[in-house]
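Engineer: Below are the structure tokens for one structure; questions will follow.
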Amino acid sequence: GAVVSQHPSRVICKSGTSVKIECRSLDFQATTMFWYRQFPKQSLMLMATSNEGSKATYEQGVEKDKFLINHASLTLSTLTVTSAHPEDSSFYICSARDGRLNPTDTQYFGPGTRLTVL
Amino acid sequence: QQQVKQSPQSLIVQKGGISIINCAYENTAFDYFPWYQQFPGKGPALLIAIRPDVSEKKEGRFTISFNKSAKQFSLHIMDSQPGDSATYFCAASIRGSNYKLTFGKGTLLTVNP
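Pasting the structure below:
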């Protein structure tokens, strides 16, 4: 149980284009979802927290107009990187928490999406 | 300000040995302490977690030791295997803060055969 999927696993795009990454909880209701980015050999950096049906809360320094987050259902959240630039190239990882049927503090992570902006 | 300090940055252990990774925190409001294992190119996977009302928790070869007064917790991997070679992250969260995780910087563990 507690499986989180991400799609795509890898994406290469041209500078200036937008990229959408999907995060799904497959067997539980994700009342809260989190988006992280991770640079090589570094720790995870929280970008934003989203509760189902509410606007995302962004961490300090994260541009909310550049990283659009939608959490429209209890099983799906999307991260859209708008007008991507090479410096946005990174490993993006989502996580989800079940706060309804089986409330827990635990965050379950997706497999990550490698974004490369040319 | 780094709220969770993890050490060592890297660790090399022989097969069958014990791997020990330490973390220290500053915020006494933290009430949940998980450890995650991450392989290259993959997302982190939960290994084991503990709450501050428990001093030790064991699951298979993995044990968390928790010292509330010292604000420290550690991960012990018994009988370390080459397949345990990965990056390990400690983390901490607060229920009242929307369960946001604060991560340590990670420890790259290499288990030699």
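Residue numbers (the working numbering), protein chains in the order written: chain B, 1 to 118; chain V, 119 to 231. Beta carbons: idealized from backbone N, C-alpha and C, even for Gly.
#1: Which value, in whole angstroms, describes the spacing of the CA atoms of S203 of chain V and I182 of chain V?
#2: Mind pulling the beta strand (DSSP E) runs of 3 or more residues that sit fully within the stretch 7 to 84 of chain B?
#3: Contact criterion: CB-CB distance below 8 Å. Does G161 of chain V meet it with respect to chain B?
#4: For my contact list, L226 of chain V and I139 of chain V are in at a C-beta cut-off of 8 Å; report their separation, rounded to the angstrom.
#5: Could you check the C-alpha separation between S95 of chain B and K133 of chain V for me, to the nearest Å?
#6: Within its chain, find whatever has a CB closer than 6 Å to the CB of A167 of chain V; leave out the 5 residues flanking it on each side and keep chain order.
#7: Whose C-beta lies closer than 8 Å to the C-beta of T113 of chain B among residues of the same chain, with five residues either side of it excluded?
#8: Run through DSSP, which three-state label would R179 of chain V get?
#9: Hey, quick one: how far does the beta strand (DSSP E) through N140 of chain V stretch, first residue to last?
#10: In angstroms with no decimal places, state the Cα-to-Cα distance between Q121 of chain V and S211 of chain V.
#11: Does the stretch 124 to 131 of chain V come within contact of the stretch 23 to 34 of chain B, defined as at least 3 CB pairs closer than 8 Å?
#12: When you compare the CB of K176 of chain V with every CB in chain B, is at least one pair closer than 8 Å?
#13: Taking DSSP as the reference, what is the three-state secondary structure of S215 of chain V?
#14: In chain B, what lies closer than 7 Å to G224 of chain V by C-beta?
#15: Can you give the beta carbon distance from Q156 of chain V to L165 of chain V, rounded, assuming they're within the 8 Å contact cut?
#16: Report the rounded CA-to-CA distance for P200 of chain V versus F191 of chain V, giving the unit in angstroms.
#17: Taking 8 Å as the threshold (C-beta atoms), are M47 of chain B and F67 of chain B in contact?
#18: Do you know offhand how far E177 of chain V's Cα is from R213 of chain V's?
#19: Taking the C-alpha atoms as reference points, what is the distance between G222 of chain V and Y143 of chain V?
#20: Quick one: does F207 of chain V have its CB under 8 Å from some CB of chain B?
#21: Please name the residues in the stretch 76 to 95 of chain B whose beta-carbon is closer than 9 Å to at least one beta-carbon of chain V, in chain order.
#22: Suppose the cutoff is 6 Å on Cβ atoms and the five residues either side in sequence are ignored; what does the same chain contact list for E174 of chain V look like?
#23: Excluding the 5 residues preceding and the 5 following Y58 of chain B in the sequence, name in chain order all residues of the same chain whose CB lies nearer than 6 Å to its CB.
Structural biologist: Per the coordinate set shown:
#1: Straight-line Cα distance between these residues: approximately 18 Å.
#2: Within the stretch 7 to 84 of chain B, the runs of beta strand (DSSP E) that reach at least 3 residues and sit entirely inside it are, in chain order, 10 to 13, 19 to 25, 30 to 38, 45 to 51, 67 to 73, 76 to 81.
#3: Look at G161 of chain V: its C-beta is under 8 Å from a C-beta on chain B.
#4: L226 of chain V to I139 of chain V, Cβ: 10 Å. No contact.
#5: Those two C-alpha atoms are separated by around 32 Å.
#6: Sequence-distant Cβ neighbours of A167 of chain V in its own chain, meaning closer than 6 Å and more than five residues away, are P152.
#7: Only Q6, H7, P8, S9, R10, V11, I21, F91, Y92, I93 meet the Cβ criterion.
#8: When secondary structure is reduced to three states using DSSP, R179 of chain V falls in the coil class, being assigned neither helix nor strand.
#9: Under the DSSP assignment, N140 of chain V falls in the beta strand (DSSP E) whose first and last residues are 137 to 143.
#10: Looking at the two C-alpha atoms, the distance is approximately 11 Å.
#11: Contact fails: fewer than three Cβ-Cβ distances are below 8 Å.
#12: Taking CB atoms only, K176 of chain V has no neighbour in chain B less than 8 Å away.
#13: Helix, per DSSP.
#14: Neighbours of G224 of chain V on chain B, chain order: S43.
#15: Taking C-beta atoms under 8 Å as the contact rule, Q156 of chain V and L165 of chain V fail to qualify, at a distance of about 10 Å.
#16: One Cα belongs to P200 of chain V, the other to F191 of chain V, and the distance between them is close to 24 Å.
#17: When the beta-carbon positions are compared, F67 of chain B and M47 of chain B come within less than 8 Å of each other.
#18: Roughly 24 Å separates the two Cα atoms.
#19: Approximately 9 Å, taken between the alpha carbons.
#20: Chain B, which has a Cβ nearer than 8 Å to the Cβ of F207 of chain V, makes this yes.
#21: When C-beta distances to chain V are compared with 9 Å, the residues of the stretch 76 to 95 of chain B below that value are F91, I93, C94, S95, in chain order.
#22: Closer than 6 Å at the Cβ level, and outside the excluded window around E174 of chain V, lie S183.
#23: So the qualifying residues of the chain are A48, K64.
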